[in-house]
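Going left to right, the sequence shown walks through residues 588 to 873 as the working numbering numbers them. Heads up, the thing below is written out as structure tokens.
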Amino acid sequence: MSAILMVFFSQSGTTARVAESIAFGLRASGHRVDLCNIKHGYPKSIAGYDMIGIGSPAYYFRPSMNITDYVNSLPSLNEMSNFVFVLYGTYPGDTGNAIREALRMKGAREVGYFKCRGADLYQGYLKAGYLFSPDNPLKDELSQAEEFAAKVSGIMAGQTYTRPEPDPPPTIIYRLERFFTNRWLIKTIYSRLFHLDKQKCTACGVCMMQCPTNNISANNEGQPVWSRNCLLCLSCEMNCPQEAITSPASWPLFKPVFIYNVTRASRDSSLDYVRVKHTKGRTTRV
């Protein structure tokens, strides 16, 4: 029996569902598995584990920055076995590539790579009236996650592993979008420009509870104040029941970007989507 640590980031629960399916499959093969959603903090240590699994949703065609930070914080892994799993609503971009390469540079030995779709709960698309991959991960995808776990277990037992080729890189437009949402710009500029309509805000605290990095605190009136540890997930704006928050992504400057993205994705026959209306922190299908 091997001891396996799975570290992932799940904000809305979709990545967690896949993580739990993989864990179920590994446990069925006799392994001990510990799950850690870094939304709630890093695991204390990797000491005592034989394998590490890393999971992330695609954020602007790359891993979420908190997953990148966690992987970069790891010590040398000295041939420790690893696997990677990613979820994406439209296109994965370099999400899997970046994590796999970072783990390789840490000296880890890859024994599996899995990806599937997950509901694309992104504020910019929801406001434009689109929810991509609305019901993913599907039951079949969760079953595939369990099958993936069985394959990982077999590879640990000595079966041959053929490392999958890297995912195709994102197109030039998506690479530009990724550049304009880089860490420096988020920390230095965008995180300073969230706007609060103090007349609408009821100090309900939803934005603070939903923030995955605890980046939002309350002022003396109980209203939100943003710090600099922002992922640009837009969860605060998306979930505000009073529509009191406006993020930089809602600037007119970025509207053509969302129009391009939803137009391209909605014309892609491989993608499912539903039309939605997003108001007062709730998304309803229309």
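Ideal Cβ placement from N, Cα and C applies to all residues, glycine included. Source: prediction; values computed, not measured.
Pairing N826 with D681, the inter-Cα distance amounts to about 27 Å. Judged by DSSP in its simplified three-state form, S608 adopts helix. Cβ-Cβ separation between C791 and P828: approximately 7 Å, consistent with a contact (criterion under 8 Å). Taking one beta carbon from each stretch, the segment 693-701 and the segment 658-668 have 3 or more pairs nearer than 8 Å; the two touch. In this structure, A715 is the residue among P757, V793, A715 with its C-alpha nearest to the C-alpha of P843.
Secondary-structure assignment with DSSP links F670 through a beta bridge to G640, G699. In this structure, K702 lies near V673, with their beta-carbon atoms less than 8 Å apart. A distance below 8 Å separates the beta carbons of S643 and I686. Between M652 and R770, the C-beta spacing is below 8 Å. Using a Cβ distance threshold of 8 Å, H865 and L690 do not count as a contacting pair. If you ignore the 5 residues before and after F596, its C-beta comes within less than 8 Å of the C-beta of T602, N624, I625, K626, G642, S643, P644, S651, N653, I654, P799, all in its own chain and listed in chain order. Going by beta carbons, Y717 and V849 fall inside the 8 Å limit. The Cβ neighbour count for M638, taken over all protein chains shown within 10 Å, is at least 16; the residue is labelled buried. I609 places its beta carbon less than 8 Å from that of M593. In the displayed model, V873 falls within coil according to three-state DSSP, outside both helix and strand.
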